[in-house]
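Engineer: The structure is given below, and queries will be raised subsequently.
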Amino acid sequence: MSGTQGRSDEARAERRVAICLGLSIVAALGLTVVYMLGGQPQAEGGLLFLALGFLALGLILWGKELLPNAPVTASRTPHESSTGAREGVGEAFARGGDRMFRRTFLVKMAALAGGSLGLAAIFPIASLGPSPGHALKRTSWARGRRLVQLDGTPVRPSDLGVDNILTVFPEGTGDDPQTQADSQVVLINIGSARQVVRKGRATWSVDGLVAYSKICTHAGCPVGLYKADGNTRPSHELLCPCHQSTFDVLDGCRPVFGPAARSLPQLPLALSPDGYLVAQSDFTEPVGPSFWNRT
Amino acid sequence: MNGSGRDRRPEVGPTVEEDGPSRRRGGVISRAPRWVDDRLGMSKFAESALDKVFPDHWSFMFGELAFYAFLLLLGTGVYLTFFFAPSERAVVYHGTYVPLRGVQMSEAYKSVIEISFKVKAGMVMRQMHHWAALIFLGAIVVHLCRVFFTGAFRRPREINWVIGVSLLVLGIVNGFAGYSLPDDLLSGTGLRIANAIILSIPFLGPWLGSLLFGGEFPAASILSRLYIIHVLLVPAAIAALLTAHLAILWRQKHTDFPGRDKSEDTITGSRMWPTYGMKSTGLLFAVSAFTALLGGLAQINPIWLYGPYKPAAVSAGSQPDWYMGWLDGALRMFPNVEIRVFHVTISNLFFPAVVLPGITFTMLAVWPWLEARLTHDHEPHNLLDRPRDRPVRSALGSATLAFYSILLLGSATDILATTFHLSFNTIIRMLQVAIFTVPVIVFLVVRRICRDLSAGRVRPIRQPGSAVIGRDAEGRMVVEHVDEPDSLADDDNVGADPVRPNKDIRIRTGGD
């Protein structure tokens, strides 16, 4: 490659870099105009892409074509220090340490003091949350408490057609998110479909209405999907959209597919004298995902 | 040590200049270093920094990519903090986005809606932030693969490997904390699952859950806690570890691929100043440019479509961000067993959501020591392996990637089911079979390919042979001496040289 050739190559490269930087400037100015005109996300993103992109291209071209690019070889220095220096550290440590560690009683006391402080530090950490106690095992359902919809309307058995579902909450808990989270119940009208009634649960349903905790026993998502037909056989299934655990409503909400290992807890239902649905009691087992001392 | 001193420029002694006008003559460029050196005495370091040599191979770019994505995250993230309100307080929306008018929501959710629709440039910043997080973690994973498959983690770089694994964990944690902040339906569901996972830890679960969330789910302080975790605690830890990562890299220098004129004692590439610095700055802007393009044109996490979080509501097709997907997939694919011993229940969640990530990151962190023990190779290495020359490591790495890819696929079972008109049942069963078989097949196939490539004719030769050709008085060319190629590579340099075995021919002209 002759000298003049090299110079004209360089001139061309310089021109290319200048064009890139120029386009970047234009795009950046365009960005300010777009912003002043009221902003528009797509235009902002596109122009920012052009401004940054041409800047990047300009710099990379500059680096590749106008700066020294011949590979340079450098030596590595060994990672480790010299033997003398290593021994020096040990000696320096011993020099000071021997004097200090000779007082074994003080060393032990110091360790004890550190440990005690660590212990004391646990208590401020405990303020971060209340003791779990029985909160996980109880919900806001109680004997005689009416089932209400999200807006507070109490529910009569006739409000729900066959194969319909309704999410209900205990009456009088308002918008409290904690109550909504652990006391949400799915009320299902299975009509005249025959269900496998578990021991002691014969009186838990009212007029084909059954109520189950809406919290998946796997990871706690609301079991929000209901399927009341089936391609091959009639089925009444609740499906959790998070991990596809499926519960057979006609068999005590037993898990029939997916990762959930336990049935959804059933809420015992009754009818109040004025014809509204009420709970007979709280759930008879903890709702939601498992924890070690749930039983 | 050979090749030493090639990067040493002739030492320039301190130039003695008289006080007075001459001292002021130089421009800022020459005066500033002197001002600094007068106070800090850093010229020697500065010189070595400017002259520092970085290898040019493209695969070294991913770590930088992650670094630059982190800078972008900091920039866009700080901008977002000026508008975001980490509060559960219930408010009613009356803003410009019509479908949500009159809807009750948390202040946090409302502030993110305002960032998206009311704050000028807010939408682009928010989407760039989310895209940058995906790129950040993607770049970390690819960087980790590069380091793994080339053996760059070996002594003396084990510390940086462990720091890198910690950065990956912190990145995942912060990504999750970040996308949980808007308090939309999807993120609230994610938090519900996170709470269930914490509850599943034997003996400690209920306490840990209460301490982290501030009570039973969804306790009122989780958003403000996640916020400080997301904007201060984890980013500070990432920044500190990243600084250590780079400082150690600086001290130890990069690894380098083997090749012609490469040795354990040298490093070849471009100097920091100006070539490498210029190209790397170009990369910073290139990453920013593509993030801006995605942030402006590719919608991500449209929380206004999900709606505010309501504990009893849920939507189908809920997928986490990709770096959490493998965990979600593991949750879906794990069989529905729950262990009960005496009165202690071990939740089904505990295994895929606590044990699996525990094993994953522990195995990753201890891998350098594990491999050294298995291969009895405790020597320091600056030259990299070619993946084909380490068939077992490469096969193991590929099988591991296959395993986590299937888990990731598992997080999309509902999407797969609706896309391919298959039942959940079929898809889960297929994946459950695949998780055990595919990694084994991948292992065997990759090991085979590596062995064949390594042993085959494409095997490169470390040192090319050379011939000396002389010309006699009549002008005829004669071969005077031939060095046979050094094809017997020793253990450290198996198939070391990617250079084709072309003969290095030197021409000596006779007659003088």
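Quick note, the sequences are listed as chains A and B, same order.
With the first letter of the first sequence counted as 1, position 146 gets the number 126 in my numbering; the numbers rise by one all the way through.
In my numbering, each residue's number is its place in the second sequence (first place is 1) plus 351.
Beta carbons: idealized from backbone N, C-alpha and C, even for Gly.
If I follow the unbroken alpha helix (DSSP H) through B/Lys471, where does it start and stop?
Structural biologist: Premise fails: B/Lys471 is in no alpha helix (DSSP H) and is neither H nor E.
Engineer: Could you have a look at B/Arg724 and say whether DSSP puts it in helix, strand or coil?
Structural biologist: helix
Engineer: Thinking B/Asp534 and B/Ala441 are a contact (beta carbons under 8 Å), I'd like their distance in whole angstroms, please.
Structural biologist: That belief does not hold up - the Cβ atoms of B/Asp534 and B/Ala441 are roughly 11 Å apart, past 8 Å.
Engineer: Would you kindly work out how many angstroms separate the C-alpha atoms of A/Ala122 and A/Asp155, rounded to a whole number?
Structural biologist: 18 Å
Engineer: Secondary structure at B/Tyr444, three-state DSSP: helix, strand or coil?
Structural biologist: coil
Engineer: Using a beta-carbon distance below 8 Å, is A/Thr264 in contact with chain B?
Structural biologist: no
Engineer: Which runs of the beta strand (DSSP E), 3 residues or longer, sit entirely within the segment 138 to 209 of chain A?
Structural biologist: 145 to 150, 165 to 169, 189 to 193, 205 to 207
Engineer: For the beta strand (DSSP E) containing A/Pro235, name the first residue and the last one.
Structural biologist: 234 to 237
Engineer: Among B/Met629, B/Ala383, B/Ala785, B/Arg739, which residue has its Cα nearest to the Cα of A/Trp42?
Structural biologist: B/Met629
Engineer: For A/Arg126, which of helix, strand or coil comes out of DSSP?
Structural biologist: strand
Engineer: Using a C-beta to C-beta distance shorter than 9 Å, which residues of chain B count as neighbours of A/Leu205?
Structural biologist: Val665, Ala667
Engineer: In chain order, what residues of the same chain have a beta carbon less than 8 Å from the beta carbon of A/Val135, not counting five sequence neighbours either side?
Structural biologist: Arg126, Leu127, Val128, Gln129, Leu146, Val148, Leu167, Tyr256, Leu257
Engineer: For B/Gln603, tell me which candidate among B/Phe527, B/Leu555, B/Gly610, B/Ala503 has the shortest Cα-Cα distance.
Structural biologist: B/Ala503
Engineer: Quick one: does A/Ala240 have its CB under 8 Å from some CB of chain B?
Structural biologist: For A/Ala240, the answer is yes, since a Cβ of chain B falls inside 8 Å of its Cβ.
Engineer: Using a threshold of 8 Å, state whether the C-beta atoms of B/Val301 and A/Glu265 are closer than that.
Structural biologist: Nothing can be reported for residue 301 of chain B: it is not among the residues displayed for chain B, which extend from 352 to 863.
Engineer: How would you list, in chain order, the residues of chain A whose beta-carbon sits under 8 Å from the beta-carbon of B/Gln670?
Structural biologist: What B/Gln670 touches in chain A: nothing, since even the nearest Cβ is about 10 Å away.
Engineer: Can you check the segment 559 to 632 of chain B for any beta strand (DSSP E) of at least 3 residues that lies completely inside it and give the ranges in chain order?
Structural biologist: Whole beta strand (DSSP E) segments, 3+ residues: 617 to 622.
Engineer: Any Cβ of chain A within less than 8 Å of the Cβ of B/Val850?
Structural biologist: For B/Val850, the predicted model reports a pLDDT of 45, less than 50, meaning its position is unreliable; a value from the coordinates is still stated below. Chain A contact via Cβ: absent.
Engineer: For the alpha helix (DSSP H) holding B/Ile548, just list the boundary residues, first then last.
Structural biologist: 536 to 550 is the span of the alpha helix (DSSP H), which, as asked, contains B/Ile548.
Engineer: Here's the rule I'm using: 16 or more other beta-carbon atoms within 10 Å means buried, otherwise exposed. How should B/Ile579 be labelled?
Structural biologist: exposed
Engineer: Measuring straight from C-alpha to C-alpha, what distance separates B/Gly446 and B/Asn699?
Structural biologist: 44 Å
Engineer: Going by DSSP, which residues form a beta bridge with A/Phe282?
Structural biologist: Absent from the model: residue 282 of chain A. The displayed extent of chain A is -19 to 275, so no value can be given.
Engineer: Quick check on B/Ser762: does DSSP put it in helix, strand or coil?
Structural biologist: coil
Engineer: Please confirm if B/Ser462 has its CB atom under 8 Å from at least one CB of chain A.
Structural biologist: no
Engineer: At which residues does the beta strand (DSSP E) containing A/Ala250 begin and terminate?
Structural biologist: 249 to 251
Engineer: Please go through the same chain and pick out, in chain order, the residues whose beta-carbon is closer than 6 Å to the beta-carbon of B/Val470, but skip the five residues on each side of it.
Structural biologist: Sequence-distant partners of B/Val470 (beyond 5 residues in either direction) whose C-beta falls short of 6 Å from its own C-beta, in its chain, are Phe434.
Engineer: Any C-beta of chain A sitting closer than 8 Å to the C-beta of B/Leu488?
Structural biologist: no
Engineer: For B/Arg741, name the three-state secondary structure that DSSP assigns.
Structural biologist: coil
Engineer: In angstroms, rounded to a whole number, what distance separates the CA positions of B/Lys461 and A/Arg234?
Structural biologist: Between B/Lys461 and A/Arg234, the C-alpha separation is close to 39 Å.
Engineer: Strictly under 8 Å for the Cβ-Cβ distance: is A/Phe227 near chain B by that measure?
Structural biologist: no
Engineer: Does the Cβ of A/Phe85 have 16 or more other Cβ atoms within 10 Å, making it buried, or fewer, making it exposed?
Structural biologist: In the assembly as shown, A/Phe85 is an exposed residue. Its beta-carbon has fewer than 16 other beta-carbons within 10 Å.
Engineer: Any beta carbon from chain B within less than 8 Å of A/Glu(-6)'s own beta carbon?
Structural biologist: no
Engineer: Please confirm if B/Arg683 has its CB atom under 8 Å from at least one CB of chain A.
Structural biologist: yes
Engineer: Hey, B/Asp619 and A/Val52 are a contact pair by Cβ (cut 8 Å); roughly how many whole angstroms apart?
Structural biologist: Going by the sequence as given, residue 619 of chain B is Thr instead of Asp. Confirmed, about 7 Å.
Engineer: Got a sec: is the Cβ-Cβ distance from B/Leu339 to anything in chain A below 8 Å?
Structural biologist: Look at the range of chain B in this structure, 352 to 863, and you will see that residue 339 of chain B is not part of it.
Engineer: Taking the alpha-carbon of A/Gly188 as reference, which of A/Ser172, A/His198, A/Leu230 has the nearest alpha-carbon?
Structural biologist: A/Ser172
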